[in-house]
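Here's the structure, in structure tokens; my notes come after.
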Amino acid sequence: MELLVAFGTDDGKNLNTDHVGMAKYFYVYKFSSDKEELVEKRKNVEFKGDESIKHGDPAKARATSSVLKGVDVIVGRKFGPNLPRILKKFVCVVARTDTIDNAIKIVRSNIERILEEKNKGENRKHLVLKP
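So in this note's numbering, spot 67 of the sequence shown is number 114, and the numbers just go up one at a time.
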């Protein structure tokens, strides 16, 4: 089992406080059966703070998806109105915590549920997980 999991962050330590698609960076971790490791830091190149782009804009969903190519799971504190579009490509996890370290523990302890959603394909639902 291997999953690539992206955590939305502005500072590299905490999950960002806005919708995950508004994060400045995505820290991508590889989860395997016995460990997780940071494999890449991706800049959210579409993060512009452009007020003309409204939350829920399909172009914003496409932009976020392109930055996260190859990723299986997106983790953040909250998702916006593009959630139905994003779910078609990713398992979306709302983590009820502040830090990436705690979110990693949440993902690890719920890995079977996450894999179950991944296997549902475009019919998947988002998960809300707590420590």
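Note that CB positions come from ideal geometry on N, CA and C, so glycine has one too. Here the structure is a predicted model, which is why all the values come from computation and not from measurement.
Quiz item: By a C-beta neighbour count over all protein chains shown, 10 Å radius and 16 as the cutoff for buried, is V120 buried or exposed?
Solution: Taking the sequence shown and counting its residues from 1, the one referred to as residue 120 is at position 73. Classification of V120: buried, given that the 10 Å Cβ count is 16 or more.
Quiz prompt | First and last residue of the uninterrupted beta strand (DSSP E) at S79 | solution = As a first step, residue 79 must be located in the sequence shown, where it is residue number 32. Start and end: 72-79.
Exercise. Determine the direct distance from the alpha carbon of A106 to that of T149, and round the result to whole angstroms.
Key: As a first step, residue 149 is located in the sequence shown; it is residue number 102 there, counting from the start. As a first step, residue 106 is located in the sequence shown; it is residue number 59 there, counting from the start. Checking the displayed sequence, the identity of residue 149 turns out to be Asn instead of Thr. Whole-angstrom Cα-Cα distance: 31 Å.
Exercise. Would you mind stating whether V154 and V175 have Cβ atoms separated by less than 8 Å?
Key: The count along the sequence shown starts at 1 and reaches residue 154 at position 107. The count along the sequence shown starts at 1 and reaches residue 175 at position 128. The answer is no: Cβ separation not under 8 Å.
Exercise. Rounded to whole angstroms, what's the CA-CA distance from S99 to D81? Just pull it up for me.
Key: Taking the first residue of the sequence shown as 1, we reach residue 99 at position 52. Taking the first residue of the sequence shown as 1, we reach residue 81 at position 34. For S99, the pLDDT reaches just 48, beneath the cut-off of 50, and the residue's location in the model is therefore unreliable, although a value from the coordinates is still provided. One C-alpha to the other measures close to 44 Å.
Quiz item: Distance, Cα to Cα, K77 vs K88?
Solution: Counting from one through the sequence shown, the residue named residue 77 turns up at place 30. Counting from one through the sequence shown, the residue named residue 88 turns up at place 41. Between K77 and K88, the C-alpha separation is close to 12 Å.
Quiz item: Around the Cβ of G68, are there at least 16 other Cβ atoms within 10 angstroms (buried) or fewer (exposed)?
Solution: Numbered from 1 along the sequence shown, position 21 holds the residue referred to as residue 68. With 16 or more other Cβ atoms within 10 Å, it is buried.
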